[in-house]
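One structure is given here, and the rest of the page talks about it.
There are 2 protein chains.
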Amino acid sequence: MPRPPAGEVGLIAALAERFAPPPPEVVLGIGDDCAALDLGGPDYLLWTLDTLVEGVHFDPAYISLKQLGRKSLAVNLSDIAAMGGEPAYALLSLGWPPDRELSAALEFGVGLAELARNYGVAVIGGDTVASPRGIMVTVAVLGRVPKAEMLTRAGAEIGDGIYVTGNLGDAAAGLEILRRGLAFAPDLAAPLLKAHLDPEPQLAAARVLAQKRLAHAVIDLSDGVATDLHHICRASLAGARLEAGAIPVSAGVEAVSRELGRNPLDLALKGGEDYQLLFTSPPDAGPELMEAFGRAGLPAPIKIGVVVSGREVTLVTASGEEIISGSGFDHFRLDLGCGKA
Amino acid sequence: MPRPPAGEVGLIAALAERFAPPPPEVVLGIGDDCAALDLGGPDYLLWTLDTLVEGVHFDPAYISLKQLGRKSLAVNLSDIAAMGGEPAYALLSLGWPPDRELSAALEFGVGLAELARNYGVAVIGGDTVASPRGIMVTVAVLGRVPKAEMLTRAGAEIGDGIYVTGNLGDAAAGLEILRRGLAFAPDLAAPLLKAHLDPEPQLAAARVLAQKRLAHAVIDLSDGVATDLHHICRASLAGARLEAGAIPVSAGVEAVSRELGRNPLDLALKGGEDYQLLFTSPPDAGPELMEAFGRAGLPAPIKIGVVVSGREVTLVTASGEEIISGSGFDHFRLDLGCGKA
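Note that the protein sequences, when read in sequence, are chains A and B.
Each residue of the first sequence is one higher than the one before, counting from 3 in this note's numbering.
Each residue of the second sequence is one higher than the one before, counting from 3 in this note's numbering.
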């Protein structure tokens, strides 16, 4: 899987400028995890779409078609989670290469249907096309969120705690195991492989944050903290300081990093595809957060830093401070919005 | 541009079976030009998405990036038209190859923005990804239609007249000119090239049909009458008989067909991509149709046949009857619905 070139922020802005300003019922347009529409009623309609491309986002040598079906929906549900919402409907566009068995498309469908059922999503249409090379999947999802509960990237306040809902770097470490054929004990490798091949969208955690108004700003971790926290900072006109010692890194990520001679924080902060939530909460919200997550049967969120003035994301290590903002795994996102770059 | 293999109707059905039955607010799911949702209020929400793939649906040697931007939205607006609706919002997923200038993506954006503005569509987000080879575009569109006015593929009645909103085969003839480098007088070639490179969605005609309740069944002509009329017949449990002499064929299609030694009806009925509307109207609706289209400043629709019993689409020629149903240009659509196959 070739690593794509870096994002083109100038082009993003330029493309977005081409589009006419949206009408007033568009509550959120380009630049958050979902677009949000006020079409009347108590809820905003949330809308997102994501594309996975063979050779860029996945390699069928590692991922089963069933897992791919699940993941192609999961990455969209993660965008709905980032708004505090609940998903409802999906459309699928499937590009299928002529040299690949059509029965494999059925396996893909089984996986997609499975995750859809788990999260109460109805797949209600789509498009299927020939692909000259490799599988391409685009899934679009509609969801809803009560108007008073919608979470966005903007709204982080100086002094807020910065939290994540789970370990960081597991998905990136899992990908390294698959790519390099690394051998690890199954109990060490299994959660990493699962994180890469079959991520779970953090919809339950998102609803806790939304219903209890416990978060000021939220994003889902698709590109890695280094990039995604930068998005929160840009949208919130704030900076962030992370404590290296507080970053939750699993034993598996430690082991894979040792094998590769890399710093585990590199995988954790720049690896991407963890699909955990990254959010900021008021300075005094800690106990309430822990209690609410506990009551919901969810693992306690982990505080990894604080929101500060400025615009940079810095990491405080034993040897000092390091600026990490603006980097990360970017998939060459020209970024027309909806949750990316 | 390789011609993709034929559609896989068995797979379509099999894939659709994998998905749980949709909840009751899903008024139309898999199997029409758009999905339709009843989220309260006087309108149904219409939702569709379409993918265009380099080497399958377009060749950048023929189409400019700006035209591609327009067309990637136009094909979706054509699906909204097929429901009698009005488009409102769009999301874009753009797959961009590393070897292609990013400035060309801006041209694409200019074209997309231009057509969006023409039809009052707000582009409110999307996704951009690296593509290992060739440009890939998926556009998703939301629109609306008053509940009492929605048009579908189902509802054609025996005895209905079958109409199209314009000439057939122009787009296919335009593609032949481009592919083969045929030389024709500009006044003959220009409308054919425009039909292929820059089709106009028939939204105004659709609104006339919807508001005046003048159509029993509607589909947009993406694959060609041979295929698309078959969809109406399948959805309406009816058959169709077309009059060869009534099929509207332009002088350009005649000329290109002569050059290629082909029957012009072949291009007209199986060429695809005309994005005209194909609809059925009650036997006595003819004069009202002509008057309504005339008052709206639209070209008169052309009657090409009648709805009959059975399930087949037949073409009546000087030499007899020929069954043409079920064929046509199909882009290997596994067809998960939303307007295809």
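Even for Gly, the Cβ is constructed at its ideal location relative to N, Cα and C.
Here the structure is a predicted model, which is why all the values come from computation and not from measurement.
Indicate the three-state DSSP secondary structure (helix, strand or coil) for residue i in the structure shown.
| i | result |
| --- | --- |
| B/ALA170 | Here the sequence assigns Leu to residue 170 of chain B, which means Ala is not the residue at that position. Correct three-state label for B/LEU170: coil. |
| A/SER283 | strand |
| A/ILE326 | coil |
| B/MET3 | Low local confidence applies: a pLDDT of 35 at B/MET3 is under 50, so the model's placement there is unreliable, with the coordinate-based value given in what follows. Residue state, collapsed to three classes: coil. |
| A/ARG361 | No information on residue 361 of chain A is available, as it lies outside the stretch 3 to 343 that chain A covers here. |
| A/ASP35 | coil |
| A/PRO193 | helix |
| B/GLY136 | coil |
| A/SER259 | helix |
| A/ASP45 | strand |
| B/PHE186 | coil |
| B/VAL123 | coil |
| A/ASP2 | Given that chain A is displayed from residue 3 to residue 343, the structure contains no residue 2 of chain A and the question cannot be resolved. |
| A/PHE60 | strand |
| A/VAL318 | strand |
| A/LEU117 | helix |
| A/VAL112 | helix |
| A/LEU153 | coil |
| A/GLY176 | helix |
| B/ASP161 | It is worth fixing the name first, because residue 161 of chain B is Gly in this sequence and not Asp. It is coil, neither helix nor strand. |
| B/ARG335 | Bear in mind that a pLDDT of 38 at B/ARG335, under 50, signals an unreliable position, so the number given afterwards is only what the model happens to contain. DSSP places B/ARG335 in coil when its eight states are reduced to three. |
| A/LEU216 | coil |
| A/HIS198 | helix |
| B/LEU300 | coil |
| A/PHE21 | coil |
| A/TYR277 | coil |
Quick one: what's got a C-beta closer than 6 Å to residue i's C-beta in the same chain, skipping five residues either side?
| i | result |
| --- | --- |
| B/LYS73 | none |
| A/LEU216 | SER283, ALA287 and LEU291 |
| A/ARG155 | ASP34, ALA219, ILE221, HIS233, ILE234 and ALA237 |
| A/VAL258 | ALA175 and GLU178 |
| B/ASN169 | PRO250 and SER252 |
| A/ILE65 | LEU199 |
| A/MET138 | VAL55 and GLY97 |
| B/ASN78 | THR50, ASP52, VAL141 and VAL143 |
| B/VAL131 | GLY97 |
| B/THR316 | ARG243, GLU323 and ILE325 |
| A/SER95 | GLY128, ASP129 and THR140 |
Which residue comes first and which comes last in the alpha helix (DSSP H) that contains residue i?
| i | result |
| --- | --- |
| B/THR229 | 227-238 |
| B/ILE82 | 67-84 |
| A/VAL220 | Unbroken run through A/VAL220 is the beta strand (DSSP E), 219-222; no alpha helix (DSSP H). |
| B/GLY296 | 288-297 |
| A/LEU29 | It is worth fixing the name first, because residue 29 of chain A is Val in this sequence and not Leu. First-last for A/VAL29: 28-30, but that is the beta strand (DSSP E), not the alpha helix (DSSP H). |
| A/ARG209 | 205-213 |
Can you give me the Cβ contacts of residue i inside the same chain, cut-off strictly under 7 Å, excluding the 5 residues immediately before and after it?
| i | result |
| --- | --- |
| A/PRO303 | TYR165, VAL166, THR167, LEU291 and PHE295 |
| A/LEU117 | ARG72, LEU75 and ALA76 |
| B/THR319 | ALA246 |
Just reading off the beta strand (DSSP E) that residue i is part of, what are its end residues?
| i | result |
| --- | --- |
| A/VAL310 | 304-310 |
| A/ALA242 | 241-245 |
| B/ALA88 | First, the amino acid is wrong: residue 88 of chain B is Glu here, not Ala. Its beta strand (DSSP E) spans residues 88-98. |
| A/LEU356 | Outside the shown range of chain A, which is 3 to 343, sits residue 356 of chain A, and nothing can be said about it. |
Short of 8 Å in beta carbon distance, which residues of its chain neighbour residue i, apart from the five on each side in sequence? Order them along the chain.
| i | result |
| --- | --- |
| A/LEU300 | THR167, ALA206, ALA207 and VAL210 |
| B/GLY312 | ALA240 and GLY241 |
| A/VAL70 | Contrary to the premise, residue 70 of chain A reads as Leu rather than Val in this sequence. Answer for A/LEU70: LEU54, PHE60, PRO62, PHE110, GLY113, ILE137 and VAL139, listed in chain order. |
| B/GLU151 | GLY86, ALA212, GLN213 and ARG215 |
Compute every distance between the C-beta of residue i and the non-hydrogen atoms of the ligand MG, then say whether any falls below 6 Å.
| i | result |
| --- | --- |
| A/LEU267 | As presented, the structure is devoid of all ligands, the ligand MG included, so that no description of it is given. |
**OP:** Could you list the residues in the stretch 130-143 of chain A with a C-beta less than 7 Å from some C-beta on chain B, going in chain order?
**Re:** Going along the stretch 130-143 of chain A in chain order, one finds THR130, VAL131, ALA132, SER133, PRO134, ARG135, GLY136, MET138, THR140 and ALA142 with a Cβ nearer than 7 Å to chain B.
Original post:
Listed from N- to C-terminal order along the chain, which residues in the stretch 214-231 of chain A have their beta-carbon within a distance smaller than 9 Å of any beta-carbon of chain B?
Top reply: Going along the stretch 214-231 of chain A in chain order, one finds no residue with a Cβ nearer than 9 Å to chain B.
Original post:
Would you call the stretch 147-155 of chain A and the stretch 96-113 of chain A touching, i.e. three or more CB-CB distances under 8 Å?
Top reply: Cβ pair count under 8 Å is below three, so no.
**OP:** Residues of the stretch 291-317 of chain A with a CB closer than 8 Å to any CB of chain B: list them in chain order, please.
**Re:** Against chain B - using a Cβ distance shorter than 8 Å - the stretch 291-317 of chain A contributes no residues.
**OP:** Could you name the residues of the stretch 92-126 of chain A whose beta carbon sits closer than 8 Å to any beta carbon of chain B, in the order they occur along the chain?
**Re:** Within the stretch 92-126 of chain A, the qualifying residues are LEU93, LEU94, SER95, LEU96, GLY97, TRP98, PRO100, LEU104, ALA107, LEU108, GLY111, VAL112, LEU114, ALA115, ALA118, ARG119, ALA124, VAL125 and ILE126.
Original post:
Which residues, in chain order, does the stretch 57-68 of chain B contribute to contact with chain A at a C-beta distance below 8 Å?
Top reply: Result list: GLY57, VAL58 and HIS59.
**OP:** State whether the stretch 186-195 of chain B contacts the stretch 117-137 of chain B, with contact taken as three or more CB pairs (one from each stretch) at a distance under 8 Å.
**Re:** No: the two stretches stay apart, fewer than three of their Cβ pairs being nearer than 8 Å.
**OP:** Determine which residues of the stretch 180-194 of chain B have a Cβ less than 8 Å from any Cβ of chain A, and write them out in chain order.
**Re:** Flagged: no residues at all.
Subject >> the stretch 23-38 of chain A: positions lying closer than 7 Å to chain B by Cβ >> reply: Along the stretch 23-38 of chain A, the positions whose C-beta sits under 7 Å from a C-beta of chain B are PRO24, PRO25, VAL28, GLY31, ILE32 and ALA37, read in chain order.
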